[in-house]
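What follows is a set of notes on a single structure, which appears directly below.
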Amino acid sequence: MAGRGAISPAGAGVEALLKREPILASELVSLRAPETRCYPVLRVDPKQPALDRWAREPRLRRASPVAVYLVEAAAQALEGWTRPADARLGIVGAFFCGCPAYSRRFFEQTIRHGQSAASPALFPETVYNSPLSHAASILGIGGAAYAVVGDDTAWLDALRVGATWLALEEVDAVLVVAAEELDIIAVEAYVAARWLRPGAAFRPSEGAAAVLLRRPAGDEKVDRIDAISPGRSYRNPAGARVAARDVLAAFFPELPVFPTAGHSWLEGIARDATVARLGIIGAGYLGEAFGATAGWNTLRALSRDAHPPVGNDWIVPIWGQNHQISALKVSRA
Numbered sequence: 409m410a411g412r413g414a415i416s417p418a419g420a421g422v423e424a425l426l427k428r429e430p431i432l433a434s435e436l437v438s439l440r441a442p443e444t445r446c447y448p449v450l451r452v453d454p455k456q457p458a459l460d461r462w463a464r465e466p467r468l469r470r471a472s473p474v475a476v477y478l479v480e481a482a483a484q485a486l487e488g489w490t491r492p493a494d495a496r497l498g499i500v501g502a503f504f505c506g507c508p509a510y511s512r513r514f515f516e517q518t519i520r521h522g523q524s525a526a527s528p529a530l531f532p533e534t535v536y537n538s539p540l541s542h543a544a545s546i547l548g549i550g551g552a553a554y555a556v557v558g559d560d561t562a563w564l565d566a567l568r569v570g571a572t573w574l575a576l577e578e579v580d581a582v583l584v585v586a587a588e589e590l591d592i593i594a595v596e597a598y599v600a601a602r603w604l605r606p607g608a609a610f611r612p613s614e615g616a617a618a619v620l621l622r623r624p625a626g627d628e629k630v631d632r633i634d635a636i637s638p639g640r641s642y643r644n645p646a647g648a649r650v651a652a653r654d655v656l657a658a659f660f661p662e663l664p665v666f667p668t669a670g671h672s673w674l675e676g677i678a679r680d681a682t683v684a685r686l687g688i689i690g691a692g693y694l695g696e697a698f699g700a701t702a703g704w705n706t707l708r709a710l711s712r713d714a715h716p717p718v719g720n721d722w723i724v725p726i727w728g729q730n731h732q733i734s735a736l737k738v739s740r741a
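End of the sequence shown sits at 741 in my numbering; the numbers just go up one at a time, nothing left out.
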């Protein structure tokens with residue numbers, strides 16, 4: 409791994425992911441009952457210097473917030489890499505909701521005022537690939553670009569795509585990024601799914617995570633993502649328990665497990681499946697941002713503040729909240 413980056417409600421940079429202080433929740437007013445309901449969420453501060461530096465970037469002036477988060481995390485991941493002039497750099501992005509803020513604005517105008525009100529300026533920003541397009545242009549990424557869509561485990565699919573490109577020598581290095589933005593229409597969907605309900609600790613979140621992957625040179629000592637488990641799909645809580653058991657039993661059962669369930673509806677299942685193997689991470693709750701949360705947990709597991717019982721190897725479970733459960737193995741240099 410040649411670089412890493414993150415933007416989260418805790419702040420900018422990988423170091424911010426390790427903060428112990430609880431993050432103060434803000435509130436989004438309900439669309440369905442604006443007079444009586446609002447929902448707690450964990451937001452990225454849009455005025456922090458790390459994001460303010462992109463305010464004058466022409467491609468990002470009208471871009472969705474998810475594009476700004478993605479570009480910032482990717483730029484951080486590139487900072488420590490001396491890129492050869494002829495290097496082939498690719499990018500893979502993982503998304504769950506994509507660009508809901510601009511999607512809602514586009515369709516809201518169309519539904520309320522007719523097709524003549526459909527904004528040609530907004531429409532390009534509604535598609536999943538648009539943040540990657542901005543990142544490729546701004547950061548000079550001339551190689552392959554690809555987007556995958558799914559729950560938390562889309563992060564692993566993006567890592568697989570990047571690893572495949574490296575194995576086939578299609579690229580010399582690849583940025584793997586995951587990003588989410590908050591919009592009330594997505595939060596209303598989480599409420600409908602009963603992920604966010606009165607008394608629940610679940611907090612919708614936003615931000616981005618990025619890693620720069622390349623092939624190590626000779627016996628170079630670097631932090632590594634060594635393996636990715638095949639995902640186990642499920643259809644109900646009972647199936648999720650079976651999937652969790654299968655992933656953790658068949659995939660390096662002797663290694664410690666990094667705590668990653670957060671406060672999703674899978675928290676109890678994760679605790680039952682991993683209680684005997686859990687390591688320790690002294691950091692606060694960052695909320696549920698799906699692929700971005702999976703990326704943050706991967707970066708946390710590689711930090712020196714994470715303590716497995718023995719050694720420097722972790723299993724990092726990825727608890728997909730509506731599709732599948734998987735895991736990856738990371739090794740610290």
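By construction, the Cβ of each residue, glycine as well, lies at the ideal position given by its N, Cα and C atoms.
All values derive from a computational prediction rather than experimental measurement.
* Limits of the alpha helix (DSSP H) - the one that Arg-708 falls within -> Locating residue 708 in the sequence shown gives position 300, where the first residue counts as 1. 699 to 709 is the extent of the alpha helix (DSSP H) around Arg-708.
* For Ile-519, count neighbouring C-beta atoms within 10 Å of its own C-beta (all shown protein chains included) and say buried if the count is 16 or more, exposed if not. => Your numbering for residue 519 matches position 111 in the sequence shown. By the C-beta density criterion, Ile-519 is exposed, having fewer than 16 other C-beta atoms within 10 angstroms.
* Could you tell me which residues DSSP pairs with Cys-446 in its beta bridges? => Your numbering for residue 446 matches position 38 in the sequence shown. Partner(s): Val-437.
* To do: Go through its chain and collect everything with a Cβ distance to Cys-505's Cβ below 7 Å, but skip five positions before and after it.
  => The residue given as residue 505 occupies position 97 in the sequence shown. Around Cys-505: Glu-588 and Ala-594.
* To do: Out of Glu-578, Ala-471 and Leu-710, state which residue places its alpha-carbon closest to the alpha-carbon of Phe-531.
  => Within the sequence shown, the letter at position 123 stands for residue 531. Nearest to Phe-531 by C-alpha distance, out of Glu-578, Ala-471 and Leu-710, is Ala-471.
* Asked: Under 8 Å, do Gly-551 and Arg-496 count as touching if we go by C-beta distance?
  -> Here the question's residue 551 lines up with position 143 in the sequence shown. Here the question's residue 496 lines up with position 88 in the sequence shown. Going by beta carbons, Gly-551 and Arg-496 fall inside the 8 Å limit.
* Asked: Which two residues bound the contiguous alpha helix (DSSP H) that contains Ile-546?
  -> Reading the sequence shown from its first residue, position 138 is the one you call residue 546. Here the alpha helix (DSSP H) through Ile-546 covers 538 to 547.
* When Ala-581, Asp-560 and Glu-465 are compared against Ala-493, the one with the closest alpha-carbon -> Position 85 of the sequence shown, counting from 1, holds the residue named residue 493. Ranked by Cα distance from Ala-493, the first of Ala-581, Asp-560 and Glu-465 is Ala-581.
* Asked: Do Phe-503 and Val-449 have their CB atoms nearer than 8 Å?
  -> Residue mapping note: residue 503 aligns to position 95 of the sequence shown, counting from 1. Residue mapping note: residue 449 aligns to position 41 of the sequence shown, counting from 1. Their beta carbons are not under 8 Å apart, which means Phe-503 does not touch Val-449 by this criterion.
* To the nearest angstrom, how far is it from the Cα of Gly-498 to the Cα of Val-569? -> Taking the sequence shown and counting its residues from 1, the one referred to as residue 498 is at position 90. Taking the sequence shown and counting its residues from 1, the one referred to as residue 569 is at position 161. Using only the alpha carbons, I get a separation of about 10 Å.
* Hey, would you say Ala-714 sits closer than 8 Å to Phe-660, going by beta carbons? -> In the sequence shown, counting from the first residue as 1, residue 714 sits at position 306. In the sequence shown, counting from the first residue as 1, residue 660 sits at position 252. Between Ala-714 and Phe-660, the C-beta spacing is not below 8 Å.
* With DSSP run on the structure shown, which of helix, strand or coil describes Ser-641? -> The residue you call residue 641 lines up with position 233 of the sequence shown. Reduced to three states, the DSSP call for Ser-641 is strand.
* Do the CB positions of Leu-674 and Ala-648 come within less than 8 Å of each other? -> For the purposes of this step, residue 674 is taken as residue 266 along the sequence shown, with counting starting at 1. For the purposes of this step, residue 648 is taken as residue 240 along the sequence shown, with counting starting at 1. Between Leu-674 and Ala-648, the C-beta spacing is below 8 Å.
* Name the two residues that bound the continuous alpha helix (DSSP H) containing Trp-573. => For the purposes of this step, residue 573 is taken as the residue at position 165 of the sequence shown. Membership of Trp-573 in the alpha helix (DSSP H) is indicated by the continuous run 562 to 575.
* **Buried versus exposed call for Ala-457 [16 or more other C-beta atoms within 10 Å across all chains shown]** => Within the sequence shown, residue 457 is the residue found at index 49, counting from 1. It should be pointed out that residue 457 corresponds to Pro in this sequence rather than to Ala. Per the 10 Å Cβ criterion, exposed.
* Asked: Does DSSP classify Phe-754 as helix, strand or coil?
  -> What is shown of the chain runs 409 to 741, which leaves residue 754 out entirely.
* **Of the residues Glu-596, Glu-696, Lys-455 and Thr-561, the one placed nearest Arg-440, counting alpha carbons only** => Stepping through the sequence shown from its first residue, residue 440 is reached at position 32. Selected option, being the one with the closest Cα: Glu-596.
* Just curious, the alpha helix (DSSP H) that Ser-613 is in, first and last residue? -> What you label residue 613 is simply residue 205 of the sequence shown in a count that begins at 1. Boundaries cannot be given for Ser-613, as no alpha helix (DSSP H) includes it and DSSP labels it neither H nor E.
* Out of Ala-414, Ala-651, Gln-729 and Gly-488, which has the shortest C-alpha to C-alpha gap to Leu-604? -> In the sequence shown, residue 604 corresponds to position 196, counting from 1. Out of Ala-414, Ala-651, Gln-729 and Gly-488, Gln-729 has the C-alpha closest to the C-alpha of Leu-604.
* Check whether the Cβ atoms of Gln-484 and Ala-618 lie closer than 8 Å to each other. => Position 76 of the sequence shown, counted from the start, is the residue given in the question as residue 484. Position 210 of the sequence shown, counted from the start, is the residue given in the question as residue 618. For Gln-484 and Ala-618, yes; Cβs fall inside 8 Å.
* Asked: How many angstroms separate the CA atom of Glu-435 from the CA atom of Pro-624?
  -> Walking along the sequence shown from the start, residue 435 turns up at place 27. Walking along the sequence shown from the start, residue 624 turns up at place 216. Each residue's alpha carbon lies about 45 Å from the other.
* Asked: Tell me which same chain residues have a C-beta within less than 8 Å of the C-beta of Ala-691, skipping the five on either side of it?
  -> Looking up residue 691 in the sequence shown gives position 283. Cβ within range, chain order: Leu-425, Leu-426, Lys-427, Arg-428, Arg-708 and Asp-713.
* Closer than 6 Å by C-beta to Thr-682: which residues in its own chain qualify, once you throw out the five before and the five after it? Chain order, please. => Here the question's residue 682 lines up with position 274 in the sequence shown. Contacts found: Val-665.
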